[in-house]
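Numbering (my numbering), first residue to last: 1 to 209. Glycine residues also receive a C-beta, built at the ideal position from the N, C-alpha and C atoms. The structure displayed is predicted, hence computed values, not measured ones. Contents: one structure, followed by commentary.
Take a look at the structure:
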């Protein structure tokens, strides 16, 4: 190319565009403590430059990123994984997108709510047993769980039948010696240390002579 009488070359470098920013949890993302959210970024860069992604978050951490997926000639889709902190609350995530060539920065952000789900108490089915000397019964609360995988605390309470003493009463499977034929009813409540919300169910053990 030649210039006669003087000319100037204009910088036609174009900045990238952020076309979409979405999560696998929907437009108003909410997630449990310590769980992961996949964030997908769709970009367009007419110059096909290598793009820089800079995240600023008020909490949590970015656990992983996945390889680019080519959508169109100049469009890419990138997925990153954000791991929620253990403290419930609403966290803000900000993204700056640049190409290292132009002075244009694209910015966007989102809010993700981190919630504390209550634990779930589950007991075994009602049972009917024949009484015999030295009969011992093991209660079953092993089906109880916490959606956030926190350690459970177990609270057993006898609500009917001759009084008995539970052994290992702070665990999921306490047991007791049966003194006499009767209907024995026990209630289980579970809780986690970060949230003293008890959830419970009762079940019946009928022991006949």
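- Query: In terms of alpha-carbon separation, which member of 171, 172 and 181 lies closest to residue 161?
  - Reply: Of the candidates 171, 172 and 181, the one whose C-alpha sits nearest the C-alpha of residue 161 is 181.
- Query: According to DSSP, which residues form a beta bridge with residue 163?
  - Reply: Paired residue(s): none; residue 163 is not in a bridge.
- From 27, 164, 48 and 113, residue whose alpha carbon lies closest to that of residue 13: Checked all of 27, 164, 48 and 113; the closest Cα to residue 13 is 48.
- For residue 189, is the classification buried or exposed, using 16 other Cβ atoms within 10 angstroms of its Cβ as the cut-off for buried? Counting every other CB atom within 10 Å of its CB across the protein chains shown gives residue 189 a total of 16 or more, marking it as buried.
- Message: Just verifying my parser: in three-state terms, what is the DSSP assignment at residue 158?
- Response: Residue 158 falls in the strand class under three-state DSSP.
- Message: From the DSSP secondary-structure annotation, give me the bridge partner or partners of residue 191.
- Response: Answer is 153, bridged to residue 191.
- Message: Am I right that residue 83 and residue 34 are in contact with their C-beta atoms under 8 Å? What's the rounded C-beta distance?
- Response: The pair is a contact, with the Cβ atoms about 7 Å apart (cut-off 8 Å).
- Could you give the distance in angstroms between the alpha-carbon of residue 121 and the alpha-carbon of residue 174? Approximately 15 Å between the Cα atoms of the pair.
- Query: Counting Cβ pairs, one atom from each stretch, are 3 or more of them under 8 Å apart for the region 141 to 148 and the region 99 to 106?
  - Reply: The region 141 to 148, when compared against the region 99 to 106, does not touch it at the 8 Å Cβ threshold.
- Message: So, at 8 Å on beta carbons, what are the nonlocal neighbours of residue 98 in its own chain, with the 5 sequence-adjacent residues on each side left out?
- Response: Result list for residue 98: 15, 16, 51, 52, 54, 104, 105 and 106, in chain order.
- Name the two residues that bound the continuous beta strand (DSSP E) containing residue 39. 36 to 44 is the span of the beta strand (DSSP E), which, as asked, contains residue 39.
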